[in-house]
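>
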Amino acid sequence: MIRPILIHPDPRLKKVCDPVAEITTELRRLAEDMLETMYDAPGIGLAAPQVGVTKRLVVMDCIKDGPPEPVILFNPEVIWSSEDLSTYEEGCLSIPDQYADVKRPAEVQVRWIDQDGQPQERQFAGLWATCVQHEIDHLDGKLFIDYLGPLKRQMITRKMEKLKRERAREG
Ligand code: K2U
Ligand code: ZN
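Take the sequence shown: its letter number 135 is residue 143 in this note's numbering, and every next letter is one higher.
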């Protein structure tokens, strides 16, 4: 089912999430719900804290045109990152309609546990690299606006507080 996506500022988006001890049926269901929620947004990534679950789980599918390629990552960790950096104009489903350039390592090697409990390891480049780093940041309570200067971050936070007030009024 499609789950509501938390909007910044929200304390649950700032928490360091807990590792997943065991891949339960419930967590597999959560991962499926996150993929459905991500495709509906639409987005190319989503982290569990964004739907209010402070567990170390992210989903991604950075394929634009072509058959979908969903990836479910439990306890993902970056085990290597390139010296080269790449800049991407990032957005975030928890900070709607705000975009800013963020510099990150251009390639990363990531290790995780998949939905079958199997350890996986893959090197990501391009948009996949940007996305997986953006999602793992979410698991550490870090948002892309944390890479911006204090004034720009504050301006965006103020806009989100206004948006939340308006949404609360609409009901
Ligand atoms: O985690 C999220 O909020 C989903 C993010 C993932 C993402 C952000 C920046 C760069 C790459 C991935 C996005 O909102 S998904 C929407 C999107 C789609 C294409 C390109 C950038 C952002
Ligand atoms: Zn995000």
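Every residue gets a Cβ at the ideal spot worked out from N, C-alpha and C, and that includes glycine.
If you check the beta carbons only, do V110 and F152 fall under 8 Å apart?
yes
> Using a threshold of 7 Å, is the CB atom of Q156 nearer than that to any non-hydrogen atom of the ligand ZN?
It should be noted that the sequence gives Leu, not Gln, for residue 156. Not under cutoff, so the answer is no.
> Please tell me whether A39 and Q123 are closer than 8 Å, where the distance is taken between their beta carbons.
yes
> Within the continuous beta strand (DSSP E) that includes E85, where are the two ends?
79-89
> Output the boundary residues of the beta strand (DSSP E) element that contains Q131.
Start and end: 127-133.
> For the alpha helix (DSSP H) containing P158, name the first residue and the last one.
158-178
> Provide the residue span of the alpha helix (DSSP H) that contains Y47, from first to last.
33-48 is the extent of the alpha helix (DSSP H) around Y47.
> Go ahead and pull the three-state DSSP assignment for D145.
helix
> For I121, which three-state DSSP category applies?
strand
> How close, in whole Å, do the beta carbons of K23 and G149 come, if the pair is a contact with beta carbons under 8 Å?
5 Å
> By DSSP's criteria, Y96 is part of a beta bridge. Which residues make up the other side?
V110
> Report the option in P12, I10, P17, R11 whose CA atom is closest to the CA atom of L171.
P17
> According to DSSP, is D18 part of a helix, a strand, or is it coil?
coil
> So L43 and P78 are in contact, right, with Cβ under 8 Å, and what is the actual spacing, rounded?
5 Å
> Restricting to Cα atoms, I'd like to know which of L65, G134, C70 is closest to I80.
L65
> Measuring only the C-alpha atoms, how far is Q117 from R177?
Cα to Cα, Q117 sits roughly 45 Å from R177.
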